[in-house]
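Asker:
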Amino acid sequence: MDFKKEIAEFLDKNIPELSLEDINKLLEVPKESKLGDFAMPCFSLAKEFKKAPAIIASEIKDKLEVPEFLDKIDAISGYLNFFVSRKNFSNQTIKEVLDNENYGYTNLGDGKNVVLDYASLNVAKPFHIGHLKNAVTGNSLYRIFNKLGYKSIAINHLGDFGTQFGKLIYAFKEWGNEDELKKEGIDYLANLYVKFHVEAEKDETLEDKGRAWSLKIEEKDEEAIRLWTLFKDISIEYFNKLCKRMDLSFDEVIGEAFYMDYVDDTVKRIKDAGLLKESEGAQIVDLGDEMAPCLILRADGGSLYATRDIAAAIYRQNNFNFVKSIYITGSEQNLHFKQWFKVCKMMGYDWADGLVHIGHGMVNLKGEKLSTRAGNIITLEQAIDEAKEKSLEIMIANGRDGIENKDEVAEQIGIGALTFINLYNSSNKDVTFDWETALRFDGETGPYLQYCHARCNSLIKKAGEIDMNQIDADLYTDATTFEVIKALSNFPQVVISAGEKFEPSFIARYLIDLAQKFNKFYNEYSIVVDDMRVKSTRIALVMAVKKVLHDGLELICIKAPNEM
Numbered sequence: 009m010d011f012k013k014e015i016a017e018f019l020d021k022n023i024p025e026l027s028l029e030d031i032n033k034l035l036e037v038p039k040e041s042k043l044g045d046f047a048m049p050c051f052s053l054a055k056e057f058k059k060a061p062a063i064i065a066s067e068i069k070d071k072l073e074v075p076e077f078l079d080k081i082d083a084i085s086g087y088l089n090f091f092v093s094r095k096n097f098s099n100q101t102i103k104e105v106l107d108n109e110n111y112g113y114t115n116l117g118d119g120k121n122v123v124l125d126y127a128s129l130n131v132a133k134p135f136h137i138g139h140l141k142n143a144v145t146g147n148s149l150y151r152i153f154n155k156l157g158y159k160s161i162a163i164n165h166l167g168d169f170g171t172q173f174g175k176l177i178y179a180f181k182e183w184g185n186e187d188e189l190k191k192e193g194i195d196y197l198a199n200l201y202v203k204f205h206v207e208a209e210k211d212e213t214l215e216d217k218g219r220a221w222s223l224k225i226e227e228k229d230e231e232a233i234r235l236w237t238l239f240k241d242i243s244i245e246y247f248n249k250l251c252k253r254m255d256l257s258f259d260e261v262i263g264e265a266f267y268m269d270y271v272d273d274t275v276k277r278i279k280d281a282g283l284l285k286e287s288e289g290a291q292i293v294d295l296g297d298e299m300a301p302c303l304i305l306r307a308d309g310g311s312l313y314a315t316r317d318i319a320a321a322i323y324r325q326n327n328f329n330f331v332k333s334i335y336i337t338g339s340e341q342n343l344h345f346k347q348w349f350k351v352c353k354m355m356g357y358d359w360a361d362g363l364v365h366i367g368h369g370m371v372n373l374k375g376e377k378l379s380t381r382a383g384n385i386i387t388l389e390q391a392i393d394e395a396k397e398k399s400l401e402i403m404i405a406n407g408r409d410g411i412e413n414k415d416e417v418a419e420q421i422g423i424g425a426l427t428f429i430n431l432y433n434s435s436n437k438d439v440t441f442d443w444e445t446a447l448r449f450d451g452e453t454g455p456y457l458q459y460c461h462a463r464c465n466s467l468i469k470k471a472g473e474i475d476m477n478q479i480d481a482d483l484y485t486d487a488t489t490f491e492v493i494k495a496l497s498n499f500p501q502v503v504i505s506a507g508e509k510f511e512p513s514f515i516a517r518y519l520i521d522l523a524q525k526f527n528k529f530y531n532e533y534s535i536v537v538d539d540m541r542v543k544s545t546r547i548a549l550v551m552a553v554k555k556v557l558h559d560g561l562e563l564i565c566i567k568a569p570n571e572m
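The number in the numbering used here is simply the position in the sequence shown, starting from 1, with 8 added.
#1: How many whole angstroms separate the CB atoms of proline 512 and threonine 114, which I take to be in contact at a CB cut-off of 8 Å?
#2: With a threshold of 16 other CB atoms inside 10 Å of the CB of serine 222, please say whether the residue is buried or exposed.
#3: Assuming threonine 337 is part of the beta strand (DSSP E), what are its boundary residues?
#4: Are the region 249-263 and the region 157-170 in contact at 8 Å, needing three or more beta carbon pairs?
#5: DSSP three-state call for lysine 159: helix, strand or coil?
#6: I want to know whether the region 316-336 touches the region 352-369 - three or more CB-CB distances under 8 Å.
#7: Across the region 131-144 and the region 89-98, are there enough close Cβ pairs to call them in contact, namely three or more that are closer than 8 Å?
#8: Tell me the DSSP secondary structure of proline 49 in three-state form.
#9: Write down the C-beta distance between alanine 471 and valine 553 rounded to the nearest angstrom, noting that I regard them as a contact closer than 8 Å.
#10: Rounded to the nearest angstrom, how far is the Cβ of leucine 124 from that of isoleucine 161, given a contact under 8 Å?
#11: Considering only the beta carbon of each residue, do isoleucine 396 and leucine 447 sit closer than 7 Å?
#12: Only counting the same chain, and skipping five residues up and downstream in sequence, which positions put a Cβ closer than 8 Å to that of lysine 555?
#13: By Cβ distance, which residues of its chain are closer than 8 Å to arginine 381, with the 5 residues on each side in sequence left out?
#14: Below 8 Å on the Cβ atoms is my contact criterion, and I expect valine 417 with glutamate 562 to pass it. Report the Cβ-Cβ distance as a whole number of Å.
#15: Within a Cβ cutoff of 8 Å, which residues of the same chain sit near aspartate 79, ignoring the five residues on either side of it in sequence?
#16: How far does the alpha helix (DSSP H) with tyrosine 530 in it reach, from first residue to last?
#17: In or out: lysine 210 buried (at least 16 other Cβ within 10 Å) or exposed?
#18: Helix or strand or just coil, what does DSSP make of glutamate 491?
#19: For the region 398-478, list the beta strand (DSSP E) runs that are entirely contained and at least 3 residues long, ordered along the chain.
#20: Report the three-state DSSP secondary structure of phenylalanine 91 (helix, strand or coil).
#21: In the DSSP assignment, what are the bridge partners of threonine 387?
#22: By DSSP, does serine 257 sit in helix, in strand, or in coil?
#23: Taking all protein chains shown into account, do 16 or more other C-beta atoms lie within 10 angstroms of the C-beta of proline 569, making it buried, or fewer, making it exposed?
#24: Taking only runs that begin and end inside the region 224-278, name each unbroken beta strand (DSSP E) of 3 or more residues, in chain order.
#25: Put lysine 567 into one of helix, strand or coil per three-state DSSP.
#26: With a threshold of 16 other CB atoms inside 10 Å of the CB of leucine 573, please say whether the residue is buried or exposed.
#27: Between isoleucine 244 and isoleucine 278, which are expected to be in contact by the criterion C-beta below 8 Å, what is the C-beta distance as a whole number of angstroms?
#28: Use the C-beta contact count for serine 534: other C-beta atoms within 10 angstroms, 16 or more gives buried, fewer gives exposed.
#29: In this structure, does DSSP put aspartate 538 in helix, strand or coil?
#30: Determine, using beta-carbon pairs with one atom in the region 230-249 and one in the region 181-201, whether at least three such pairs fall under 8 Å.
#31: Figure out for me which residue from Phe345, Lys103 and Ala487 has the closest Cα to the Cα of aspartate 10.
#32: Reducing DSSP to helix, strand and coil, say where leucine 129 ends up.
#33: Less than 7 Å between the C-beta atoms of tyrosine 432 and alanine 516, yes or no?
#34: Pull up the distance between the alpha-carbon of histidine 461 and that of leucine 426, whole angstroms please.
#35: Measuring alpha carbon to alpha carbon, tell me which of Val275, Lys42 and Ala65 ends up nearest phenylalanine 51.
#36: For the putative contact between glycine 367 and glycine 338, defined by C-beta atoms under 8 Å, what is the C-beta separation to the nearest angstrom?
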């Protein structure tokens, strides 16, 4: 039974002044269980009802007859509070979780397409931990929107175009060696990139030489294209290996250069819409007083990021017919996306309302911004290797080195730790990366959730045979147990909220809350006991918690080992 839905429909029948939609918007879950299981604040109704909120709540309560699925209704300080029948609520919740293979799934999306542009990895640059927040946020939203009944389409908008490639070609021609490049791969290219900028500090002419090679790429110069393609192939092979290790996948990998063939048509569309203006030789779209103009073409006729992003958006709408197209990048690009989103709206595209930018915070290393140019990075490969090693050390110290597939589990724990620290706080928050915080096996961490899942599995295994026909919902009505069950019932709504707000952190924080409530239950009650009725009832709860932890961790891109 969906108790929130039942309460909303019950109130809809009894409060003619409010629509069902209004009631659903008002209903909430109180922070303290003593205030009820659901509540409807009446403060926003004061103007319409021309009464104080406390009086409104009291008058509504007085005319309501308590239905069977509720124990009581109270009016407290301007709130209408609803206390559900704990036995019925618990019985329904456990049954729904265990009987529903895809608990939490809703068909809100009705199969419509959602495009997610994330990772946006740059050719010839290592995948470092500064990219991780972008990648896991996008991959988590990909999974969340699938859970909401949409068809998610993941795109890696590969950074394979721009002056940096001219600089890299110059550096390679000047100091590089092709045999060493093929042997060392992406690290060799990264070192060349750093060397170029070190040398450019001494010799300003290098910047012009780099731009000259960049122009040769656009002019399809044979040698420039050969080296550019070689750098790209080496980079993609490296990215694919790491993405497989992180369980990141993409439906499309399309480089920025691909859209160059669409730039002329895009500029024509902007011009035909009467938006293109000349400014100091450049072509711009005036966005009024709201923000700075959007640059479309440089004075030399070259396109810019905005031009290519508009071209890509038109291409994606034509090919995928999206209802939402979500871009996950660093928050320093906020203005860029606001500008070209507005240009699309000014061009008259209805689908522009579905363009969404999520500007995530920066990842810092001991308070310093990570920079490929300065060589101040920890590559993702280094981070995973170290996280795995440290996880294995912790497992051995805790006497867990005898578990099956310990290396695989250690890697799952390490990657889980890295992922969780990037998703626990809201997307726009900065992340300061340090091992001690990320790898703790207690507190608000990924390994804590994985350990809770493993504990559930251990209890189920230890319990052996149970009898689901002997489940006694009366054992679910005490405060501690009922808090766990209420948390389980909240999972579908948390997934909906995470999708509506584009916030995987909602799920990460929900899972911590569920795990903490479960561990309190675990510490207060004996679970694997001789009494079949008690054992079956409590193990059913453990099974439900394990299922939601597993599915929730999957939504935030974290594996759930059965043993730790």
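Yeah, the Cβ is synthetic: ideal placement off N, Cα and C, and Gly gets one too.
Answerer: Checking against the coordinates, here is how it stands:
#1: Going by Cβ atoms, the distance from proline 512 to threonine 114 rounds to 17 Å, so no, they are not a contact pair.
#2: When all chains shown are included, serine 222 counts as buried.
#3: 330-338
#4: yes
#5: strand
#6: yes
#7: no
#8: Looking at proline 49 - three-state DSSP - the assignment turns out to be strand.
#9: The Cβ separation is near 14 Å, so there is no contact.
#10: 7 Å
#11: Reading off the sequence shown, one finds lysine at residue 396, where the question assumed isoleucine. It is not a contact, given that the beta carbons lie outside the stated cut-off.
#12: Val105, Leu106 and Tyr111
#13: Because the pLDDT at arginine 381 is just 49, under 50, the model does not fix this residue reliably, and the value given afterwards should be weighed accordingly. Taken in chain order, the residues that qualify are Tyr201, Val202 and His205.
#14: Between glutamate 562 and valine 417 the Cβ distance is about 16 Å, and since that is not below 8 Å, they are no contact.
#15: Cβ within range, chain order: Phe91, Val92, Ser93 and Arg94.
#16: 513-532
#17: exposed
#18: helix
#19: 439-441
#20: Phenylalanine 91: strand per DSSP, three-state reduction.
#21: His136
#22: It is coil, neither helix nor strand.
#23: Result: buried.
#24: 260-263
#25: coil
#26: No information on residue 573 is available, as it lies outside the stretch 9 to 572 that the chain covers here.
#27: Contact between isoleucine 244 and isoleucine 278 is absent: CB atoms are separated by about 32 Å, not below the 8 Å threshold.
#28: exposed
#29: coil
#30: yes
#31: Lys103
#32: coil
#33: yes
#34: One Cα belongs to histidine 461, the other to leucine 426, and the distance between them is close to 18 Å.
#35: Ala65
#36: 7 Å
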